[in-house]
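J.: Shown below is the structure under consideration.
Residue numbers (the UniProt record's numbering): 1 to 142.
Structural data, given as C-alpha coordinates:
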(Lines of atoms letter the chains of each structure in order from A; the text may use other names.)
(Lines give C-alpha, C1' and ligand atoms only; values in the text may rest on other atoms or scores of the structure.)
Protein backbone atom coordinates (compact mmCIF):
# COMPACT_ATOMS: atom_id res chain seq x y z
CA UNK A 1 0.00 0.00 0.00
CA UNK A 2 2.85 2.37 0.87
CA UNK A 3 4.43 1.75 -2.53
CA UNK A 4 1.18 2.77 -4.31
CA UNK A 5 0.98 5.98 -2.31
CA UNK A 6 4.63 6.74 -3.09
CA UNK A 7 4.10 6.10 -6.83
CA UNK A 8 0.98 8.29 -6.87
CA UNK A 9 2.86 11.08 -5.10
CA UNK A 10 5.71 10.86 -7.61
CA UNK A 11 3.33 10.97 -10.57
CA UNK A 12 1.46 13.92 -9.06
CA UNK A 13 4.72 15.79 -8.50
CA UNK A 14 5.83 15.22 -12.10
CA UNK A 15 2.49 16.36 -13.53
CA UNK A 16 2.22 19.42 -11.31
CA UNK A 17 5.82 20.48 -11.88
CA UNK A 18 5.42 20.73 -15.66
CA UNK A 19 5.33 24.28 -16.88
CA UNK A 20 2.60 25.31 -19.20
CA UNK A 21 5.03 26.51 -21.89
CA UNK A 22 6.87 23.18 -21.83
CA UNK A 23 3.78 21.28 -22.92
CA UNK A 24 3.43 20.60 -26.61
CA UNK A 25 0.81 22.74 -28.28
CA UNK A 26 -1.70 20.29 -29.72
CA UNK A 27 -4.19 22.82 -31.00
CA UNK A 28 -4.65 23.30 -34.72
CA UNK A 29 -6.05 26.17 -36.67
CA UNK A 30 -9.81 26.00 -36.88
CA UNK A 31 -11.26 26.59 -40.31
CA UNK A 32 -13.60 29.52 -40.27
CA UNK A 33 -15.84 31.11 -42.82
CA UNK A 34 -15.11 34.74 -43.56
CA UNK A 35 -16.98 36.42 -46.38
CA UNK A 36 -15.24 39.73 -45.79
CA UNK A 37 -13.70 40.62 -49.17
CA UNK A 38 -14.74 37.20 -50.55
CA UNK A 39 -15.51 37.00 -54.27
CA UNK A 40 -18.79 35.61 -55.57
CA UNK A 41 -17.66 33.23 -58.33
CA UNK A 42 -21.04 31.72 -59.23
CA UNK A 43 -24.61 32.34 -58.19
CA UNK A 44 -28.14 31.39 -59.13
CA UNK A 45 -31.71 31.53 -57.91
CA UNK A 46 -33.26 28.32 -56.60
CA UNK A 47 -36.14 26.91 -58.61
CA UNK A 48 -38.59 24.86 -56.55
CA UNK A 49 -41.59 22.76 -57.52
CA UNK A 50 -43.67 24.86 -55.16
CA UNK A 51 -43.79 28.64 -54.94
CA UNK A 52 -43.77 28.64 -51.14
CA UNK A 53 -39.98 28.06 -51.09
CA UNK A 54 -37.26 30.45 -52.25
CA UNK A 55 -33.59 31.40 -52.01
CA UNK A 56 -30.25 31.94 -53.72
CA UNK A 57 -27.22 29.68 -54.13
CA UNK A 58 -23.69 31.09 -54.30
CA UNK A 59 -20.10 29.92 -54.38
CA UNK A 60 -17.62 32.30 -52.77
CA UNK A 61 -13.84 32.29 -52.80
CA UNK A 62 -12.39 33.58 -49.54
CA UNK A 63 -9.22 35.66 -49.36
CA UNK A 64 -7.33 32.52 -48.27
CA UNK A 65 -8.42 30.69 -51.45
CA UNK A 66 -10.97 28.39 -49.79
CA UNK A 67 -14.41 28.01 -51.33
CA UNK A 68 -17.67 28.51 -49.47
CA UNK A 69 -21.13 27.45 -50.64
CA UNK A 70 -23.82 29.85 -49.52
CA UNK A 71 -27.56 29.29 -49.32
CA UNK A 72 -28.98 32.77 -48.86
CA UNK A 73 -32.44 34.26 -48.30
CA UNK A 74 -33.67 30.70 -47.93
CA UNK A 75 -37.11 29.64 -46.85
CA UNK A 76 -37.49 25.89 -47.11
CA UNK A 77 -38.82 23.24 -44.80
CA UNK A 78 -39.92 19.66 -45.34
CA UNK A 79 -41.24 16.88 -43.12
CA UNK A 80 -38.31 14.66 -44.01
CA UNK A 81 -34.54 14.90 -44.19
CA UNK A 82 -33.19 16.87 -47.12
CA UNK A 83 -29.66 16.61 -48.49
CA UNK A 84 -27.82 19.49 -50.15
CA UNK A 85 -25.37 18.66 -52.96
CA UNK A 86 -23.02 20.39 -55.39
CA UNK A 87 -23.42 18.77 -58.79
CA UNK A 88 -22.18 18.90 -62.37
CA UNK A 89 -25.71 18.20 -63.63
CA UNK A 90 -29.21 19.29 -62.68
CA UNK A 91 -29.79 15.79 -61.31
CA UNK A 92 -27.99 13.67 -58.74
CA UNK A 93 -25.05 11.72 -60.17
CA UNK A 94 -21.93 9.87 -58.99
CA UNK A 95 -19.94 13.10 -59.26
CA UNK A 96 -22.31 15.00 -56.94
CA UNK A 97 -20.76 16.14 -53.65
CA UNK A 98 -22.94 16.02 -50.53
CA UNK A 99 -22.64 19.16 -48.42
CA UNK A 100 -25.01 18.49 -45.50
CA UNK A 101 -28.40 17.17 -44.39
CA UNK A 102 -31.15 19.29 -42.87
CA UNK A 103 -34.89 19.54 -42.32
CA UNK A 104 -35.12 23.27 -42.90
CA UNK A 105 -33.08 26.28 -43.98
CA UNK A 106 -34.18 29.77 -43.03
CA UNK A 107 -32.09 32.82 -43.76
CA UNK A 108 -28.46 32.17 -44.66
CA UNK A 109 -26.41 28.97 -44.30
CA UNK A 110 -22.78 28.57 -45.35
CA UNK A 111 -20.64 25.49 -45.91
CA UNK A 112 -16.82 25.59 -46.11
CA UNK A 113 -15.57 23.21 -48.80
CA UNK A 114 -12.55 20.99 -48.06
CA UNK A 115 -9.05 22.31 -48.62
CA UNK A 116 -7.89 22.00 -52.27
CA UNK A 117 -11.45 21.19 -53.39
CA UNK A 118 -12.04 21.89 -57.09
CA UNK A 119 -15.32 23.53 -58.04
CA UNK A 120 -14.63 23.11 -61.76
CA UNK A 121 -17.79 21.95 -63.51
CA UNK A 122 -19.92 22.02 -60.35
CA UNK A 123 -22.61 24.33 -61.68
CA UNK A 124 -25.65 23.25 -59.65
CA UNK A 125 -26.75 23.17 -56.04
CA UNK A 126 -29.37 20.48 -55.48
CA UNK A 127 -31.72 20.04 -52.55
CA UNK A 128 -32.79 16.40 -52.52
CA UNK A 129 -35.37 14.40 -50.57
CA UNK A 130 -35.10 10.63 -50.00
CA UNK A 131 -38.75 10.21 -50.97
CA UNK A 132 -38.34 11.78 -54.40
CA UNK A 133 -36.13 10.95 -57.36
CA UNK A 134 -35.99 14.55 -58.56
CA UNK A 135 -34.62 17.52 -56.66
CA UNK A 136 -36.90 19.58 -54.43
CA UNK A 137 -34.95 22.63 -55.51
CA UNK A 138 -32.17 23.38 -57.98
CA UNK A 139 -29.97 26.44 -58.40
CA UNK A 140 -28.10 26.70 -61.72
CA UNK A 141 -24.92 28.67 -60.97
CA UNK A 142 -23.54 31.20 -63.46
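Cβ atoms here follow ideal geometry from the backbone N, Cα and C, with glycine treated the same way.
If we ignore side chains and look at the alpha-carbon of each, how far apart do residue 62 and residue 40 end up?
T.: Going by the C-alpha atoms only, they are around 9 angstroms apart.
J.: Give every residue of the same chain whose Cβ lies closer than 8 angstroms to the Cβ of residue 108, excluding the five residues on either side of it in the sequence, and list them in chain order.
T.: Closer than 8 angstroms at Cβ, skipping near neighbours: 70, 71, 72, 73 and 74.
J.: Quick check on residue 138: buried or exposed, where buried means 16 or more other Cβ atoms within 10 Å of its Cβ?
T.: Looking at its Cβ environment, which holds 16 or more other Cβ atoms inside 10 Å, residue 138 is buried.
J.: Can we say the stretch 36-56 touches the stretch 88-95, given the rule of at least three CB pairs closer than 8 angstroms?
T.: In short, these stretches do not touch, since the Cβ pair count stays below three.
J.: My guess is that residue 84 and residue 35 are in contact by the Cβ rule of under 8 angstroms, so how many angstroms apart are they, rounded?
T.: Actually they are not in contact, since the Cβ atoms of residue 84 and residue 35 sit about 18 angstroms apart, beyond 8 angstroms.
J.: Where does residue 60 land, buried or exposed, given buried means 16+ other C-beta within 10 angstroms?
T.: Buried.
J.: Report the CB separation of residue 102 from residue 82 in whole angstroms; it is logged as a contact under 8 angstroms.
T.: Going by Cβ atoms, the distance from residue 102 to residue 82 rounds to 6 angstroms, so yes, they are a contact pair.
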